[in-house]
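One gets this note's numbering by counting positions in the sequence shown from 1 and adding 3 to each. Where a beta carbon is used, it is the ideal one built from N, C-alpha and C, also for glycine.
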Amino acid sequence: MAFYRQVGSVPPKRHTQHRRPDGGLYSEELMGEEGFSSDSSLLYHRGIPSALVDARPWELPDQTLTPNTPLVPRHLRLHGLFPGEEHKATDPVTGRRLVLGNADVRISYAVSSLTSPYYRNATGDECVYVERGAATVETVFGALEVGQGDYVLLPRATTHRWIPTGDEPLRTYAIEASSHIAPPKRYLSRFGQFLEHAPYCERDLRTPAEPLLAEGSDVEVYVKHRGTGPGGLAGTVHVVPEHPFDVVGWDGCLYPYAFNITDFEPITGRVHQPPPVHQVFEGQNFVVCNFVPRKVDYHPLAVPVPYYHSNVDSDEVMFYVDGDYEARRGSGIGKGSISLHPGGHSHGPQPGAVERSLGAEFFDETAVMVDTFRPLSLGEAGTAADDGVYAWSWSGRGPGA
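So, in structure tokens, the structure goes:
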């Protein structure tokens, strides 16, 4: 995000002395991407950010992946994954259950009420969508207040924690990359400013406004990193002598931010628009799109629902958040559902959806879509949430019928 910010106390010149009131030096930390050749920020710590006093293994939530074989589309019911009062014993980080994944991206879901541990994902950026509930996300850059409909973008290795707030459980849909996540390049000028045709811009982004300046000693930070476990991942708990949120100031173009889905301005046309007009973010070998309430096609013979299409190069994952998703009516899909349409399978509207959509002027639907350019496998939660019958919903009969 090449959008410069300055928060708190920083010296006039980078890499120069920045002293405490008592005359001691603050510790300057460069947090940057792509080996000093991309976006970065400079953070000024009261303590030494490299200091450790202990370390131990952290057993990650189950990261096992099972191939989608035989190749079929699937309907996953996420709202059944955390029954009853289970959220009262769950936090938004260690309570995540893996739904789908490959080497580029992992999609997890959590329903929680507990505060998470301090956490750092050292494998890639995270894009966490808040389906319901509210939270304070405390980070080394400062805090963000987030709620329903917010995307929370957390750069790789940003130490943070989630504190659920409000009366209802926090429902979060986590998209964890093995790369960085950013706005699509076609929305940006060559210097990084959002262009006029982009469906959102800098004014829509919320960023930390002031340092947290927390104090504490022997603080545990849970780190997800590359390793030899399932999915090539491992976990470690670092114990640091001073609180990681000891930053007095920072500046640069790399930081966490929040963006609400209702601030996305949909692009529409006379006939049905393809999914790229709904794109909101991109990562390595995947994109994130969102579908929001919008006016639909105004050609007199327009067919508002999607045409049948073969995902030749990608798997398509749609998370149905709100409204009435017209093209899927009659399939059993509703709020809290995921549809997985894998590459190699032609998919489109359910039987009767095309006729029902004719003459429609407005679609009231909210959904988050992830398209991946390598095949997705099922995590333990994806296997548990599979309804087992969606693949036969276009034909009306299953194997042996």
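Margin query: In chain order, what are the residue ranges of uninterrupted alpha helix (DSSP H) at least 4 long that sit wholly in the segment 285-372?
Written below: Correct list: 356-360.
Item checked: Under 9 Å between C-beta atoms of R100 and T126 -> No, the pair does not count as a contact, with Cβ atoms beyond the cut-off.
Margin query: Do G346 and D318 count as a contact pair if the criterion is CB distance below 9 Å?
Written below: Yes; because the gap between Cβ atoms is below 9 Å, this pair is in contact.
Note to self: In this structure, how does DSSP classify G238 when only helix, strand and coil are distinguished?
What the structure shows: Looking at G238 - three-state DSSP - the assignment turns out to be strand.
Check: Is the segment 50-67 touching the segment 212-232, taking contact as three or more C-beta pairs under 8 Å?
Finding: In this structure the segment 50-67 lies against the segment 212-232, because at least three pairs of beta carbons, one per stretch, are closer than 8 Å.
Check: Under a three-way DSSP split, which group does H90 fall into?
Finding: The answer is helix: DSSP assigns H90 an H, G or I state.
Checklist line | Under 9 Å between C-beta atoms of A370 and F322 | finding: A distance below 9 Å separates the beta carbons of A370 and F322.
Checklist line | Beta-bridge partners of Y225, as assigned by DSSP | finding: Answer is Y122 and V240.
Item checked: Identity of the residues DSSP links to N263 by a beta bridge -> Beta-bridge pairing by DSSP links N263 to D153.
Next item on the list: Tell me, please, which residues DSSP counts as bridged to S43.
Entry: Beta-bridge partners assigned by DSSP to S43: G35.
Check: Roughly how far, in whole angstroms, is the beta-carbon of T162 from the beta-carbon of P214, given that I think they are within contact range, below 8 Å?
Finding: Actually they do not touch by this definition, with Cβ atoms about 13 Å apart.
Margin query: Rounded to whole angstroms, what is the Cα-Cα separation between R109 and L156?
Written below: Approximately 15 Å between the Cα atoms of the pair.
Next item on the list: Report the rounded CA-to-CA distance for V226 versus G195, giving the unit in angstroms.
Entry: In this model, V226 and G195 are separated by some 30 Å (Cα to Cα).
Notebook entry, point to check: Can the beta-carbon of S360 be found closer than 9 Å to that of Y311?
Noted result: No, these two residues do not count as a Cβ contact at 9 Å.
Check: When DSSP labels each residue in this structure, what does T386 get in the three-state scheme?
Finding: Reduced to three states, the DSSP call for T386 is helix.
Next item on the list: Pull up the distance between the alpha-carbon of E407 and that of V357, whole angstroms please.
Entry: With the chain running from 4 to 404 in the structure shown, residue 407 is simply not present.
Notebook entry, point to check: Going by C-alpha distance, which of L343, A137, R331 and G152 is nearest P70?
Noted result: It is L343.
Item checked: CB of V373 within 9 Å of CB of C292, strictly -> In this structure, V373 sits near C292, with a CB-CB distance shorter than 9 Å.
Notebook entry, point to check: What is the residue span of the beta strand (DSSP E) that E213 lies within?
Noted result: No beta strand (DSSP E) holds E213; DSSP gives it neither H nor E.
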